[in-house]
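This report refers to the structure that appears directly beneath it.
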Amino acid sequence: MKDLVCNGCSLLCDDVSAEIDGAEVKSLGLCRLGHAHLSESLKTLTASAVIRDGGKEDTVSIEEAVKQAGEALQSAKQPLLYGWTTTSNECIQEGLVLAEHLGGVFDSPVSQGTIQAMSHDIHSGKLDIDLEYVRNNGEFIIYWGTDPTESLHRHPSRFAVLPRGEKIPEGIESRTIGVVDVRETETMKMANHRLIISIGGDSELIEVLTSEVSGKSSITGPVQGIPAQELLSIVRKLQTSDCTVIFYGRGILNSNNADENLTAIAGLIGAIRESGKEAYALPMFPESNAMGVVNIAGNKLKQDLTSLQKLLAGEFDTTLVVGDDALAILPGPAAKALAQTNLIYIGRPGTFTDKKAMISIYSPDVITGIPNTMTRLDNQPFNFSAWTRDDVSEGMLGILSKLNGFVKK
Ligand code: SF4
Numbered sequence: 000m001k002d003l004v005c006n007g008c009s010l011l012c013d014d015v016s017a018e019i020d021g022a023e024v025k026s027l028g029l030c031r032l033g034h035a036h037l038s039e040s041l042k043t044l045t046a047s048a049v050i051r052d053g054g055k056e057d058t059v060s061i062e063e064a065v066k067q068a069g070e071a072l073q074s075a076k077q078p079l080l081y082g083w084t085t086t087s088n089e090c091i092q093e094g095l096v097l098a099e100h101l102g103g104v105f106d107s108p109v110s111q112g113t114i115q116a117m118s119h120d121i122h123s124g125k126l127d128i129d130l131e132y133v134r135n136n137g138e139f140i141i142y143w144g145t146d147p148t149e150s151l152h153r154h155p156s157r158f159a160v161l162p163r164g165e166k167i168p169e170g171i172e173s174r175t176i177g178v179v180d181v182r183e184t185e186t187m188k189m190a191n192h193r194l195i196i197s198i199g200g201d202s203e204l205i206e207v208l209t210s211e212v213s214g215k216s217s218i219t220g221p222v223q224g225i226p227a228q229e230l231l232s233i234v235r236k237l238q239t240s241d242c243t244v245i246f247y248g249r250g251i252l253n254s255n256n257a258d259e260n261l262t263a264i265a266g267l268i269g270a271i272r273e274s275g276k277e278a279y280a281l282p283m284f285p286e287s288n289a290m291g292v293v294n295i296a297g298n299k300l301k302q303d304l305t306s307l308q309k310l311l312a313g314e315f316d317t318t319l320v321v322g323d324d325a326l327a328i329l330p331g332p333a334a335k336a337l338a339q340t341n342l343i344y345i346g347r348p349g350t351f352t353d354k355k356a357m358i359s360i361y362s363p364d365v366i367t368g369i370p371n372t373m374t375r376l377d378n379q380p381f382n383f384s385a386w387t388r389d390d391v392s393e394g395m396l397g398i399l400s401k402l403n404g405f406v407k408k
């Protein structure tokens, strides 16, 4: 078995290993999601390309696909370059250069919630602690609007719930776990406090907790259907735990109240800190390199927040999708509008976006051994290096460089 870094999600687990045994992949430490991602990625160790026209599909060389993609992008009125959350930091940088050469718009799924969260006062672009700090110090852990068992499988076992840490000598026995969501989740099974609230009820609950932590005796009856006794027990825990960490997810960000919710969480963190205890908020973005996009392209994305509206208005005639399965993740009307553009795709085969694209270029994933970097959920950089073999050909960076070279000519 050889050590590798997994990019099946934004945890970028670097404590795992794997080997290929005939047709089978054997892994140690990878979760179900990571093992599936690795197995799938190993099907594409060599770059290849197809061009589709009127239901006909032809395999072409990378050079031919790059030439046709470059010509389509150059002749576009205004191209959109979209995706990037599963690509490496080097690819994101190359994508920004390409967008500049083309006079196109660079955008990413992170402009729907992620970038707003990282720009909000709660973080102002940086995080106060990393996940190792949580493992060593996190005493009261709250998952709010996020279910790591769905998308960040090893988050509880590596960092936040099960492991022992410097100030957490007995692992889960030394921690208290709270889960707040609008439905019962798998993560709730390991929680001491399970709060099911109504959709949009987050800020009301957070503000009541904040007020009570600040000593205002605001809890006189149930809030959001949670009995007063349970709420007061949570408040006591917030006041007595040496280190509280609130992990917030899509439930907080994907509502119309994202800003209000984040402001409320920041208020609660502030109230706990004023009472003399440590408290932090950390995001739960599952896309493997969402943080890389935020760090490298954040300023650009803030200027281009309206690109989905532009897409709906038919302003883009050609789209280059890189990495993400845009047609699967965009809201229905935006996905429909995207599918109507001249679609060029660089990524893994078999996605919805691939099947709709007029040009698809398939590139090996960094997990197979492309020496690039990605940025973990908590802003820590991780290097990927050769794993399967030394001759994994044409990573996505090589393909983007060729495209840039063609466009620059
Ligand atoms: S938690 Fe994420 S990074 Fe870790 S092994 Fe699973 S999929 Fe891979």
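Numbering that gives the first Met the number 0 numbers the first residue of the sequence shown as 0 and each following residue consecutively. Every residue, glycine too, gets a C-beta built ideally from N, C-alpha and C.
Closest residue to residue i among the options (Cα-Cα distance)
i      : options                           : result
Pro221 : Leu194, Asp323, Val244 and Thr243 : Leu194
Thr186 : Gly224, Glu229 and Ile141         : Ile141
Leu208 : Leu237, Lys299 and His192         : Leu237
Gln77  : Thr372, Leu310 and Ser400         : Leu310
Gly53  : Ala22, Gly291 and Lys355          : Lys355
Ser306 : Leu231, Asp127 and Gly103         : Gly103
Asp106 : Leu79, Ala312 and Ser400          : Leu79
Met283 : Glu39, Ser74, Ser47 and His154    : His154
Val49  : Asp14, Asp353 and Ser400          : Asp353
Glu149 : Gly248, Asp127, Ile264 and Gly200 : Gly248
Ile264 : Gly313, Ser232, Asp57 and Gly200  : Gly200
Glu229 : Gly250, Gly214, Gln339 and His192 : His192
Gly250 : Thr184, Ser47 and Pro226          : Thr184
Ser210 : Arg51, Pro226 and Leu231          : Leu231
One or two residues paired with residue i in a DSSP bridge
i      : result
Pro78  : Thr317
Met373 : Phe381
Cys242 : Glu277
Phe139 : Thr175 and Thr243
Val345 : This sequence places Ile at residue 345; Val is not what is there. Bridge partners of Ile345: Val321 and Ile360.
Thr58  : Val49
Asp14  : For Asp14, which the question treats as bridged, DSSP gives no partner whatsoever.
Val222 : Ile225
Pro332 : According to DSSP, Pro332 bridges with nothing at all.
Pro162 : DSSP lists no partner for Pro162.
Glu23  : Asp20
Leu3   : Val15
Pro282 : Tyr247
Phe105 : Leu80
Arg193 : Val178
Ile167 : Gly164
Beta-carbon gap between residue i and residue j smaller than 8 angstroms
i      : j      : result
Phe158 : Ser240 : no
Ile268 : Ala257 : no
Val179 : Ile198 : no
Ile398 : Ile360 : yes
Met117 : Gly297 : yes
Gly69  : Phe315 : no
Thr317 : Leu95  : no
Ile218 : Thr243 : no
Phe246 : Val4   : no
Leu319 : Leu329 : no
Pro363 : Thr43  : yes
Tyr132 : Ala325 : no
Ala17  : Leu37  : yes
Val212 : Ser274 : yes
Ile345 : Met395 : yes
Leu151 : Pro332 : no
Ile295 : Ile91  : yes
Gln223 : Leu252 : no
Ser287 : Met373 : yes
Met0   : Leu29  : no
Glu259 : Ser173 : no
Pro168 : Arg134 : no
Val475 : Trp83  : The chain is shown only over 0 to 408; residue 475 falls outside these bounds and no answer can be derived.
Leu261 : Ile128 : no
Glu206 : Ser400 : no
Asp2   : Phe381 : no
Contact belief for residue i with residue j at Cβ below 8 angstroms, rounded distance in angstroms
i      : j      : result
Gly170 : Ala190 : At roughly 15 angstroms, the Cβ-Cβ gap does not stay under 8 angstroms, so Gly170 and Ala190 are not in contact.
Val109 : Ala289 : 5 angstroms
Gly322 : Thr86  : 4 angstroms
Leu402 : Val24  : Between Val24 and Leu402 the Cβ distance is about 31 angstroms, and since that is not below 8 angstroms, they are no contact.
Lys407 : His100 : 6 angstroms
Gly164 : Asn136 : 6 angstroms
Phe351 : Ala385 : Actually they do not touch by this definition, with Cβ atoms about 31 angstroms apart.
Leu300 : Ile19  : In fact, because the Cβ distance is near 38 angstroms, the residues do not count as touching under 8 angstroms.
Check: residue i C-beta below 7 angstroms from any heavy atom of the ligand PLP
i     : result
Val15 : Looking for the ligand PLP in the displayed structure turns up nothing; the ligands present are the ligand SF4.
Exercise for the section: May I ask you to verify whether the stretch 24–41 touches the stretch 54–70, counting CB pairs closer than 8 angstroms and requiring at least 3? Expected result: Two segments are said to touch when three or more pairs of C-beta atoms, one from each, lie closer than 8 angstroms; by this definition the stretch 24–41 does not touch the stretch 54–70.
Practice task
For the stretch 373–389 and the stretch 7–14, state whether three or more C-beta atom pairs, one from each stretch, are separated by less than 8 angstroms.
Solution key: Counting Cβ pairs under 8 angstroms, three or more are found: they touch.
Problem - Touch test, the stretch 179–188 against the stretch 137–152, Cβ-Cβ under 8 angstroms, three pairs minimum - result: Short answer: they touch.
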